[in-house]
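Asker:
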Amino acid sequence: MAQTHDAESIRKETRTYIGVFIALAVLTVLTVGVSYFHLPPALAIGVALLIAAFKGSLVAGFFMHLFHERKLIYWVLVLTVFFFLVLLFYPTFSAWDQRHL
Amino acid sequence: MEIPYNSEARPDTGLYNAKLGIWLFLASEVMLFGALFSSYILLRTGAPSWPHGRDLGLNVPLATLNTMVLIASSVTVVLSWASLRLGDIRKFRLYMGLTILCGLGFLVIKYFEYMEKFHHGHFPSFNTFFAIYFTLTGLHGLHVIGGMIVNGYLWGPGAKMWKTDPQRFTNRIEVAGLYWHFVDLVWIFLFPTLYLL
Numbered sequence: 002m003a004q005t006h007d008a009e010s011i012r013k014e015t016r017t018y019i020g021v022f023i024a025l026a027v028l029t030v031l032t033v034g035v036s037y038f039h040l041p042p043a044l045a046i047g048v049a050l051l052i053a054a055f056k057g058s059l060v061a062g063f064f065m066h067l068f069h070e071r072k073l074i075y076w077v078l079v080l081t082v083f084f085f086l087v088l089l090f091y092p093t094f095s096a097w098d099q100r101h102l
Numbered sequence: 003m004e005i006p007y008n009s010e011a012r013p014d015t016g017l018y019n020a021k022l023g024i025w026l027f028l029a030s031e032v033m034l035f036g037a038l039f040s041s042y043i044l045l046r047t048g049a050p051s052w053p054h055g056r057d058l059g060l061n062v063p064l065a066t067l068n069t070m071v072l073i074a075s076s077v078t079v080v081l082s083w084a085s086l087r088l089g090d091i092r093k094f095r096l097y098m099g100l101t102i103l104c105g106l107g108f109l110v111i112k113y114f115e116y117m118e119k120f121h122h123g124h125f126p127s128f129n130t131f132f133a134i135y136f137t138l139t140g141l142h143g144l145h146v147i148g149g150m151i152v153n154g155y156l157w158g159p160g161a162k163m164w165k166t167d168p169q170r171f172t173n174r175i176e177v178a179g180l181y182w183h184f185v186d187l188v189w190i191f192l193f194p195t196l197y198l199l
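Chains as they are written, first to last, in our numbering: chain A, 2 to 102; chain B, 3 to 199.
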């Protein structure tokens with residue numbers, strides 16, 4: 002539990018947060034830089050989403066401390082990810098289907 | 003009646019109630035933004051051609067600056083929580099104050115961006131790109147405003163709780179922080195989607 006952590010480990014966490022901030026800033030510059038190379042669309046989308054996913058996992062893992070969380074939260078998130086993917090892809094599949102009828 | 007388990011963890015879940023509550027709320031938020039991202043994909047894949055945000059006058063340097071501002075605010079809010087866990091209310095006020103200022107900075111930059119668009123006649127009705135651009139960034143902006151109201155309350159009058167129930171107050175900051183990080187997380191995906199691709 003977070004509140005039982007001693008002062009030294011909280012200070013260590015603080016240093017980690019600063020490190021994550023620097024990583025996020027560098028990745029932001031990187032993703033903007035890559036966009037100026039005018040890569041083919043599929044590659045550009047892939048690279049941008051990969052960087053965004055990595056940045057997102059840094060925020061979720063460290064700032065939202067998901068790397069050290071209770072099991073119940075993980076279960077809530079597994080369900081969320083499942084329904085999110087259904088929401089994201091089901092309409093796309095159905096639209097694709099309609100175009101090929 | 004007193005709400006149970008808002009300071010200490012509930013034995014069966016291992017969490018204080020508000021923490022489970024905020025994660026369930028964030029799950030519903032994922033579905034809200036997920037529906038709009040799904041709409042974006044459908045609109046984009048269904049369109050004969052899709053404009054590059056930059057070619058339509060979206061200001062990439064300004065949006066990059068805004069991304070940095072929001073990331074910085076994510077750090078300050080987590081530092082405000084860490085300060086409380088170290089028992090330092092003054093540092094909490096400093097970091098939470100900076101978080102609110104960053105939120106304000108984000109909105110001011112967004113305001114200038116919006117004004118630039120309106121000046122060129124780029125309203126949501128201009129084309130499909132701007133329709134989804136204003137929907138997504140507008141909804142995100144409302145989330146920033148909502149977070150600032152909560153953070154402002156916790157920075158000001160809400161901080162009285164530190165004297166009466168410091169653990170519960172620390173938990174409130176953690177929960178407010180989780181929401182604020184989520185708002186940052188959404189922007190991390192909105193920024194490349196709308197501005198760079």
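Built from N, CA and C at the ideal position, the CB exists for glycine as well.
(1) Note down, in chain order, each residue of its chain lying with its Cβ closer than 6 Å to the Cβ of B:W164, except the 5 sequence neighbours on either side.
(2) Taking just the CA atoms, how far does B:Q169 sit from B:Y97?
(3) From the beta carbon of A:F22, is the nearest beta carbon of chain B less than 9 Å away?
(4) How would you call B:I147, buried or exposed, if buried means at least 16 neighbouring beta carbons within 10 angstroms?
(5) List, in order along the chain, the chain A residues whose C-beta lies closer than 7 Å to that of B:G36?
(6) Taking all protein chains shown into account, decide if A:A54 is buried (16 or more other Cβ within 10 angstroms of its Cβ) or exposed.
(7) What is the rounded straight-line gap between the Cα of B:M33 and the Cα of A:A61?
(8) Compute the Euclidean distance between the alpha carbons of B:I5 and B:F128, then round it to the nearest angstrom.
(9) Tell me which same chain residues have a C-beta within less than 7 Å of the C-beta of B:L22, skipping the five on either side of it?
(10) Could you give the DSSP three-state label for A:Y75: helix, strand or coil?
(11) Since B:H215 meets chain A, which of its residues come closer than 7 Å, beta carbon to beta carbon?
(12) Nearest to A:L89 by alpha carbon, out of B:S9, B:L38, B:N19?
(13) Which value, in whole angstroms, describes the spacing of the CA atoms of B:L60 and B:G99?
(14) So, with DSSP's three-state summary, where would you put A:A8?
(15) Measure from the alpha carbon of B:V177 to the alpha carbon of each residue in B:Y18, B:R12, B:M3, B:P13, then state which is nearest.
(16) Leaving out five residues before and five after A:L44 in sequence, what residues of the same chain have Cβ atoms less than 7 Å from its Cβ?
(17) A:A26 to B:M70, Cα distance in whole Å?
(18) Rounded to the nearest angstrom, how far is the Cβ of B:I102 from that of B:G179, given a contact under 8 Å?
(19) Is B:E31 helix, strand or coil by DSSP?
(20) Using the C-alpha atoms, what's the distance from B:I151 back to B:P159?
(21) Determine, using beta carbons only, whether A:D56 and A:T81 come nearer to each other than 9 Å.
(22) May I ask whether a heavy atom of the ligand COA can be found less than 8 Å away from the beta carbon of A:V48?
(23) Please classify B:S85 as buried or exposed, where buried requires at least 16 other C-beta atoms within 10 Å of its C-beta.
(24) Find the residues of chain B that neighbour A:E14, judging by a C-beta separation of less than 7 Å, and give them in chain order.
(25) On a CA-only basis, which of B:R87, B:E115, B:D186, B:F136 is nearest B:D167? Give me that one, please.
(26) By the criterion of Cβ-Cβ separation under 7 Å, what are the contact partners of B:F186 in chain A?
(27) Under a CB-based cut-off of 9 Å, is B:L96 close to chain A?
(28) Just the Cα atoms here: how many angstroms apart are B:K162 and B:N68?
(29) Check the Cβ of A:G47 against every Cβ in chain B and list those closer than 7 Å, keeping chain order.
(30) Chain A beta carbons: is any one of them nearer than 9 Å to that of B:L58?
Answerer: By the coordinates alone:
(1) If the five residues before and after B:W164 are omitted, its C-beta is found closer than 6 Å to the C-beta atoms of I91, F171, all from its own chain and listed in chain order.
(2) 18 Å
(3) yes
(4) Within 10 angstroms of the beta-carbon of B:I147 lie fewer than 16 other beta-carbons, which makes it exposed.
(5) F85, L88, L89
(6) exposed
(7) 17 Å
(8) Distance between the alpha carbons of B:I5 and B:F128 is about 49 Å.
(9) T15
(10) helix
(11) Since the displayed chain B opens at 3 and closes at 199, residue 215 of chain B lies outside it and no answer follows.
(12) B:L38
(13) 30 Å
(14) helix
(15) B:Y18
(16) none
(17) 6 Å
(18) Not quite, the Cβ-Cβ distance comes to about 13 Å (not below 8 Å), so this is no contact.
(19) In this structure, B:E31 counts as helix in the three-state DSSP scheme.
(20) 12 Å
(21) The sequence shown places Lys at residue 56 of chain A, not Asp. The criterion of a C-beta distance shorter than 9 Å is not satisfied by A:K56 and A:T81.
(22) As for the ligand COA, it is missing from this structure, which has no ligand bound.
(23) buried
(24) A84
(25) B:R87
(26) Rather than Phe, the amino acid found at residue 186 of chain B in this sequence is Asp. Chain A residues near B:D186: V60.
(27) no
(28) 32 Å
(29) None at all; the shortest Cβ gap to chain B is about 10 Å.
(30) no
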